[in-house]
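Visitor:
Numbering (this note's numbering), first residue to last: 24 to 347.
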């Protein structure tokens, strides 16, 4: 552990130094502010050389590597929790008991157990802490344009593909659907999941094949992960006037909307966005990510649907959803 640095006006903690934590770190280095970055992971001594390689000698940002949240200072301006879902709840409950945090960004799925949402909400209710969930597509310029185009219209939306990890990535698409429709009260139908046991790339986690239907007052969303598709993932957004096909992986957009062909829009990586999050927080103490409270409205029904499916295929009651 490197000794604590005093007299810095701002600080950031990134808890979890795996792939997504590393991307957040890269993004943090692009922020226009100078601040201390605490990177926390029990295996940080094996990882920190990768982080050191990203540092610009001219940067005034200071980086401190810690192997335990107990070594964090008592006050953190902004904290990003990029751990796996299986440890996030217990870690966050311990952390907020001893550290005052102004803004928390949680990766997703947020928690594996539905009861943890209520416990955590009650815990932060009496704290001066804002909590957001990192569903970054609402930051993409293209989707903000689409949101204006479909304003007050009913939409049919879909995500089709093969091996795009429906269970672990569904929340991204559901959040985008809720963002475009401004309605977070959803109904979810999981009757068309396949009974196959799909093991995730991460040990101890699982995924799902099949299709999932989500609806709200403004429209319908279909999610399908099936072998019949010869591509990984494409989004479709349709209204009576507009049909748009989006392939984020290959940065391709096809539309029948004549006034704008969307040729100049790209889909940024997380490392291009985290610096923007930080700048917004440090300037205005706010951010345009979905709040924990709003996210819970569709996150909990999604977990209920997944738990129902996993209970069926494992022939036992599952209340801790085994997705990362």
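Beta carbons: idealized from backbone N, C-alpha and C, even for Gly.
Helix, strand or coil, according to DSSP, for residue 105 in the structure here?
Guide: By one-based count along the chain shown, residue 105 stands at place 82. Looking at residue 105 - three-state DSSP - the assignment turns out to be coil, as it is neither helix nor strand.
Visitor: Taking the alpha-carbon positions, what's the residue 163 to residue 93 distance?
Guide: Taking the chain shown and counting its residues from 1, the one referred to as residue 163 is at position 140. Taking the chain shown and counting its residues from 1, the one referred to as residue 93 is at position 70. Straight-line Cα distance between these residues: approximately 36 Å.
Visitor: Can you give me the C-alpha to C-alpha distance between residue 265 and residue 278, rounded to a whole angstrom?
Guide: Here residue 265 corresponds to residue number 242 of the chain shown, with the count starting at 1. Here residue 278 corresponds to residue number 255 of the chain shown, with the count starting at 1. Whole-angstrom Cα-Cα distance: 7 Å.
Visitor: With DSSP as the reference, please indicate the residues paired to residue 98 in a beta bridge.
Guide: The residue given as residue 98 occupies position 75 in the chain shown. The partner list for residue 98 (beta bridge, DSSP) reads 123.
Visitor: Candidates 196, 239 and 346: which alpha carbon is nearest residue 183's?
Guide: Within the chain shown, the letter at position 160 stands for residue 183. Nearest C-alpha to residue 183: 196.
Visitor: Between residue 409 and residue 100, how many whole angstroms is the CB-CB distance? I'm expecting something under 8 Å.
Guide: Because residue 409 is not part of the residues shown, which for the chain are 24 to 347, the question remains open.
Visitor: Can you tell me whether residue 271 is helix, strand or coil according to DSSP?
Guide: Reading the chain shown from its first residue, position 248 is the one you call residue 271. It is coil, neither helix nor strand.
Visitor: For the beta strand (DSSP E) holding residue 178, just list the boundary residues, first then last.
Guide: Here residue 178 is taken as the residue at index 155 of the chain shown, counted from 1. Start and end: 178-184.
Visitor: Using the DSSP secondary-structure output, state which residues sit across from residue 154 in a beta bridge.
Guide: Working through the chain shown from its first residue, we reach residue 154 at position 131. Note: residue 154 sits in a beta bridge opposite 127.
Visitor: Rank 233, 71 and 170 by C-alpha distance to the C-alpha of residue 193 and give the top, closest one.
Guide: Translated into the one-based positions of the chain shown, residue 193 becomes position 170. Minimum Cα distance to residue 193 is reached at 233.
Visitor: Buried or exposed for residue 326, going by 16 or more other Cβ atoms inside 10 Å?
Guide: Looking up residue 326 in the chain shown gives position 303. Burial call: buried.
Visitor: According to DSSP, is residue 307 helix, strand or coil?
Guide: As a position in the chain shown, residue 307 is number 284, starting the count at 1. Helix.
Visitor: Would you check if the stretch 149-163 and the stretch 313-322 touch, i.e. whether three or more CB-CB distances between them fall below 8 Å?
Guide: Touching, per the Cβ criterion.
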